[in-house]
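Here the protein sequences line up with chains G and Y, keeping their order.
When you read off a place in the first sequence, starting at 1, and then add 749, the result is the number in this note's numbering.
When you read off a place in the second sequence, starting at 1, and then add 2, the result is the number in this note's numbering.
Cβ atoms here follow ideal geometry from the backbone N, Cα and C, with glycine treated the same way.
Here the structure comes first, spelled out in structure tokens, and everything after it is commentary.
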Amino acid sequence: MNAFSCQSARSFKSVVWTAGLVLLAAIVLAVASLLPESSPLHASAFVVSLAGKYLAYAMLALSVDLVWGFAGILTLGHAAFFGLGGYAMGMYLMREIGARGAYGDANLPDFMVFLSWKSLPWYWCGTDHFAWAMMLVLVVPALLAGVFGWLAFRSRVSGVYLSIITQALTYALMLAFFQNGFGFGGNNGLTDFKDILGADLHAPATRAALLVATGVALAAALLAARFIVGSRFGNLLVAVRDAENRTRFLGYRPDQVKLLVWVFSAMLAAVGGALYVTQVGIINPGEFAPANSIESVIWVAVGGRGTLSGAVLGAILVNFGKTLFTAWLPEFWLYGLGLLFIGTTLFLPNGIMGLWRPTKKNDPEEITPEVSAPEGEHP
Amino acid sequence: MRKLGLACLLAALCLGGGLGGSSARADDFSGLASPQFEDVSASITALAANGSAQADAALQALEAHHLFSGADGALFIHAGEVCQNARTGEATTCPEEGLKPVRVNNRIRKVLAGVQAVRELSAPQPEERIKAAETFYTRHDAALLPALDNALSSEKVPAVREKLMQAHAATVLAQPPAEGAQAARLKAVGFLAEVGGLEARGLLAGVAANVGEAPDVRHAAQSAVSRIDWHLRVWSVLQNAFYGLSYGSVLLLAATGLAITFGVMGVINMAHGEMMMIGAYVTWLVQQGIKMTVPALEPFAILIAIPVAFVVCGGIGVVIERSLIRFLYGRPLETLLATWGLSLVLQQVIRSLFGPTNIAVQTPAWLSGSIALGGLDITLNRLAILVFAGLVLGGLMLVLRRTPLGLQMRAVTQNRRMAALMGIRTPKVDALAFGLGAGLAGLAGVAVSQIDNVSPNLGQSYIIDSFMVVVFGGVGNLWGTLAAAMALGMGGKVLEPTIGAVSAKIAILVLVIAYIQRHPRGMFPVRGRGIES
């Protein structure tokens, strides 16, 4: 966990490489999906949407890595922001259906007609405009993260306490979204989308474009994250992670530093969620389940915490494994995932990225006394 | 005397019910053989008034579906191999053919029940008479009024009289208002207002809404209804408070173990819920084992399961600590992830062994049922869990305050390094504390198995609430856990009726999150001079 205290010396070259690879892979797959079906290089719609899903998850993992790897905030509720972004996008897609729904109501989504609502709730206003919906994707999670983080960091809630209340946050959101009266489709969530910006969501060209868009977004997010952690602010972030009180005594404001990166991370997760919905075609309250948030943490742990590229790598690898496992040996997936958690924390504390950059254990500069204090100090 | 009274009552009943006999009646029995239900019911009333041993036997046979009619009105009681003439009681041989059962429909059943109730009104045991009066209370049958009057005139036992008067009042009020009945109805309203309950409220509300009723009767009924409503509301608040207490005690059981491991080791055990789940499965295994070996002990299997679950879960806890947690000391956040992984594995193990569906853990007879306390309905199993949680908390306090292990655990909680310097073997304390926490989870599992579905997902439904209790109460002392568990349990259940179960849960979560912002270490934090605490 305390692998790099001397931040400026690290340039995160691998991040640029990863961003390039992600973009390349997305473009190649998108092109392959547009080839005629007879071609041996043709990629099916299933593969394309699967790849899109992985990349959206990678975005979530990246956002978790920013706060966990660099600010030391173990979030067990980042899926809340992912889900909120997804719901904001889902609202727009729902309005795009228009009169083509099962009930043919031009204004109200099907589930509202079913609940015999007469008009749209106020928070659905303007969601038929793409730009407004995109604003919601960014602003709503940022607001929630801002208020939550401001309260939490200001009163110095940290460590396990913070983890538990982030979990409670996403759990409360899940319960709320499960309710029909909340205006988001209850149990079933938002689904049956038809098109986006006038383009048919099920057409190969739209799918290919969405995959490329996700690739571009992820690559951009990687570079932005690299810029943040490589800057002076990044140094401060790591300082807060490794010795919050010392940083405070030096005259910095750790709460503000944490809040900034927390809100940025929430927005990244939300963008991931929005892109996820366009490619998976459904968003329901299950996305808010605490288990999902914890799973996203393990992606980061597997890939390597505090490396950015590791988060992307971990998310893609673990989800690929999940796809394979659940298809072949569904009963054993939970064993696999559970052992992954245990094995990673026990034997691979720096994840896969740590494998080819072993930490020098005896380097005194690398370990600050505050973190390495044995056991006792309260978290 | 009683017999005579009964006969006279039944005659009145028959007249009141408007059930005239058939013209071709030969004796009291012959209506039974008729295909007309009217004749059958007339015959029943007549037989009840007859009072002879044969008449009673015939009625009982009719109730048990043993009464058959043969050709030309002959009646037989045919039960198993035995066959007798219903009129005379002589044993005969039933005819092979043409034997038809006397049919019973809902109306006949009602008449039979009425006859039965009237007969019970004159039963020698007061308990039976009370039971009969209670049936009358809900029947509101005008035809039974004379029977009630008669019973009242001869009844001596005060408790039975009370019930009879209630039944009388309810029956009076259930009749449409008539001239000159005003005083009696007013009295009945006053009486029912005293009785209270939903049944009385329904009747009184009917009276209050009836335009044909005299104004003062309506008025009295109206005020009686509002009084009963108020009582019911108070009782329902108390009832919810009891549910809250019960849920709080489950949370307390679940959270004490969590609080101990967190307090001593600074480790959040995400697999704690799975320890509860294992405790519930152990309860089931113990029950099955005892059923197969010593069936006589079966009612007490749950008591045997308590120590077994504690030892099994505690043992698993020690193994987990030695094989996993101790490698992660000083990394509380990683421990959280590792124990989460462990919880997934444990869930899947149980799912593979016992299947994904719910298993049926039995509730012994002495734990099922409920006691009524005023308007409260207190189920015995919930009461038992409340008591059990109190005992566990008390026992834990004793262990922490009076035993060397408790002393060491408290020392390590307060200052690990200092404790180690004083010669306390902190690794041993850690292992035992983790084992104790897991054992307590096992006890919680035994308790939960009595009120909730036992499936591999059992732990998941309690874990978040238990966490809330721990962070809300703080890890410093058990009183914090107790206060937090009860506050969360009660808070949720008291909010539930007004804003719904899910909203109540959300409200509680939001409140706890907000509270943690103000008091980052819970209600009862460990105070120290370090910057971190």
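How would you list, in chain order, the residues of chain G whose beta-carbon sits under 7 Å from the beta-carbon of Lys507(Y)? Leu924
Output the distance between the C-alpha atoms of Gly839(G) and Ala958(G), rounded to the nearest integer angstrom. 18 Å
Straight-line gap, Val310(Y) to His274(Y) (C-alpha atoms, nearest Å): 17 Å
Taking the beta carbon of Tyr742(G) as the centre, do at least 16 other beta carbons fall within 10 Å, making it buried, or is it exposed? Any answer about residue 742(G) is impossible in this case: the structure gives chain G only from 750 up to 1128.
Given that a residue counts as buried once 16 or more other Cβ atoms are within 10 Å of its Cβ, and exposed if not, what is Gly898(G)? buried
Boundaries of the beta strand (DSSP E) in which Ile110(Y) is found, first to last residue: Careful: Ile110(Y) lies outside any beta strand (DSSP E), inside the alpha helix (DSSP H) at Asn108 to Leu123.
C-beta neighbour in chain Y for Pro1039(G), strict 8 Å: yes
So which residues of chain Y does Phe1069(G) contact, with C-beta pairs closer than 9 Å? By Cβ distance, chain Y contributes nothing, its closest Cβ being about 19 Å from Phe1069(G), past 9 Å.
Verify the CB distance criterion: does Ser24(Y) have a CB-CB separation below 8 Å to chain G? Since pLDDT at Ser24(Y) reaches only 38, below the 50 mark, its modelled position is unreliable, and no value is offered.
Using 8 Å as the limit for Cβ to Cβ distance, is Leu335(Y) near chain G? yes
Short CB-CB distance (under 8 Å) between Arg427(Y) and chain G: no
Sequence ranges, alpha helix (DSSP H) only - wholly within the region 880-961 of chain G, length at least 4: 908-927
Can you list, in chain order, the stretches of the alpha helix (DSSP H) that have 4 or more residues and sit fully within the region 455-490 of chain Y? 460-475
Note down, in chain order, all residues in the region 336-368 of chain Y with a beta-carbon under 9 Å from any beta-carbon belonging to chain G. Glu336, Thr337, Leu338, Leu339, Ala340, Thr341, Trp342, Gly343, Leu344, Ser345, Leu346, Val347, Leu348, Gln349, Gln350, Val351, Arg353 and Ser354
Given this structure, state the Cα-to-Cα distance separating Leu511(Y) from Gly934(G), to the nearest angstrom. 22 Å
Residue span of the alpha helix (DSSP H) that contains Cys315(Y), given as start and end: Ala303 to Ser325
Apart from the five residues on each side of it in sequence, which residues of its chain come closer than 7 Å, Cβ to Cβ, to Ala948(G)? Thr955
Residue-chain proximity (Thr1056(G), chain Y), Cβ-Cβ < 8 Å: no
Buried or exposed: where does His951(G) fall if 16 or more other Cβ atoms within 10 Å of its Cβ makes it buried? exposed
Give a yes or no on whether the C-beta atoms belonging to Leu490(Y) and Val471(Y) are separated by under 8 Å. yes
What is the DSSP secondary structure of Phe78(Y), reduced to helix, strand or coil? strand
Proximal chain G residues relative to Pro522(Y), where beta-carbon distance stays under 7 Å: Ser904, Arg905, Val906 and Tyr910
Local Cβ density within 10 Å of Trp232(Y), reported as buried at 16 or more and exposed below that: exposed
Since Thr381(Y) sits in a beta bridge, which residues does DSSP pair it with? Ser372(Y)
Should Ile280(Y) be flagged as near chain G, meaning a C-beta pair shorter than 8 Å? no
Proximal chain Y residues relative to Ala901(G), where beta-carbon distance stays under 7 Å: Gln519
Checking contacts by CB at 8 Å: is Phe1090(G) closer than that to chain Y? yes
For Cys315(Y), count neighbouring C-beta atoms within 10 Å of its own C-beta (all shown protein chains included) and say buried if the count is 16 or more, exposed if not. buried
So within the region 165-222 of chain Y, which uninterrupted alpha helix (DSSP H) runs reach at least 4 residues, ignoring any that extend past its ends? 184-197 and 199-211
What are the start and end residues of the alpha helix (DSSP H) that includes Phe795(G)? Ala794 to Ala820
Flag this pair as touching only if the region 818-830 of chain G and the region 907-921 of chain G have three or more C-beta atom pairs under 8 Å; answer yes or no. yes
Per the DSSP calculation, Lys102(Y) is bridged to which residue(s)? Ser71(Y)
Hey, out of Thr1027(G), Thr1094(G) and Ala968(G), whose CA is closest to Leu770(G)'s CA? Ala968(G)
Run through the DSSP bridge pairs and tell me what Ala93(Y) is partnered with. Gln86(Y)
Pull up the distance between the alpha-carbon of Ile378(Y) and that of Leu234(Y), whole angstroms please. Sequence check: residue 378(Y) is Leu here, not Ile. So the two alpha carbons sit approximately 10 Å from each other.
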